[in-house]
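Structure record follows, encoded as structure tokens.
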Amino acid sequence: MFHKDLYSNVSITREKWTRSYVPDGVLSFNDEEAEGISQPHNDVLVISILLNKVQVKHVLMDPGSSAFIIRSRVVEQLVLQDQIVPEYRVLNGFDMACETTKEEIILPMNVVGNIQDTKFHVIEGDMRYNALLGRPWIHNMRAVPSTLYQMMKFPIVDGVKTVYGEQHAEKEIFAVDEVTLIPVPLTSERSNIKDKHRPQPRPNQKNR
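Residue numbers (the numbering used here): 100 to 307.
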């Protein structure tokens, strides 16, 4: 049987974090960082990166994808077609649609000073973005993207790096085309239209 005095000096202390104190290594966002962002919004996070020391805009950060994708047109503008190698892979979209890629390329990617050789799948045709960065890069960098605050943060040796999104570019990329609505006539109106276009009998013609 344990003696009561054994418990007399035991106490539990719960650490409380306040706004004035944030432990090292914690990536956080606050409302002050959202200044200048158009609100309210449901925008994705679009950033700019350096590929082969050339700035490439309209790069989509997509935590829902496990792939790295780049448009063939971007590779052509970088004049790096000779570095493309054949590689077949089937990419599945969220709607279960499949896209087959036949080529890939490894490019040095620079994101606010962090440089990594990255393998991209080259896709032909039109896309709304120039490149896509998926989960592998985000996890490898221990990055935390925030669509709400339109920025992404990841830890480095001496602090935290912040990548700011380009909300105006996102709105251009994902703008919805205007649709002209054509009113559909009611059933009674459709029957009247059919009667007007139905051939009328001639005056001297008798109904048989």
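All residues carry an ideal CB built from backbone N, CA and C; glycine is no exception.
Being a predicted model, the structure only gives us computed values, none of them experimental.
Q) Can you tell me where the alpha helix (DSSP H) with R172 in it begins and where it stops? A) S171 to Q176
Q) What are the start and end residues of the alpha helix (DSSP H) that includes N213? A) Run containing N213: none in the alpha helix (DSSP H); it sits in the beta strand (DSSP E), N213 to I222.
Q | Range of the contiguous alpha helix (DSSP H) that encloses H140 | A | Counting along the chain, H140 falls outside any alpha helix (DSSP H), and DSSP gives it neither H nor E.
(Q) How far does the beta strand (DSSP E) with I148 in it extend, from its first residue to its last? (A) L144 to L150
Q | With 16 other Cβ atoms within 10 Å as the buried cut-off, status of Q249 | A | buried
Q) With respect to the alpha helix (DSSP H) encompassing P162, which residues constitute its N-terminal and C-terminal limits? A) No alpha helix (DSSP H) contains P162, which DSSP labels as neither H nor E.
Q) Does the Cβ of T199 have 16 or more other Cβ atoms within 10 Å, making it buried, or fewer, making it exposed? A) exposed
(Q) Could you tell me the alpha carbon to alpha carbon distance between M160 and Y187, rounded to whole angstroms? (A) 23 Å
**Q.** Candidates F253, L247 and R234, of which the one nearest G163 by Cα
**A.** R234
Q) Whose CA, out of E265, V211, L231 and I255, lies closest to the CA of K152? A) V211
Q) With 16 as the cutoff for other CB atoms within 10 Å, does W116 come out buried or exposed? A) Its pLDDT being 46, under 50, W116 is placed unreliably in this model, and the value from its coordinates should be taken loosely. The residue in question, W116, is exposed, as its Cβ has fewer than 16 Cβ neighbours within 10 Å.
(Q) Taking 7 Å as the limit between beta carbons, can you name the residues of its chain near E132, skipping five residues before and five after? (A) Y248 and M250
(Q) Spatial neighbours of N239 within its chain, please: C-beta separation below 7 Å, excluding the five flanking residues on both sides. (A) none
**Q.** Straight-line Cα distance separating I222 from Y228
**A.** 11 Å
Q. So, is I214 buried or exposed, given that buried needs 16 or more other C-beta atoms within 10 angstroms?
A. exposed
Q. Can you name the residues that DSSP bridges to E202?
A. P185 and V221
Q: Name the residue from P207, K156 and L126 whose alpha carbon lies nearest to the alpha carbon of H267.
A: K156
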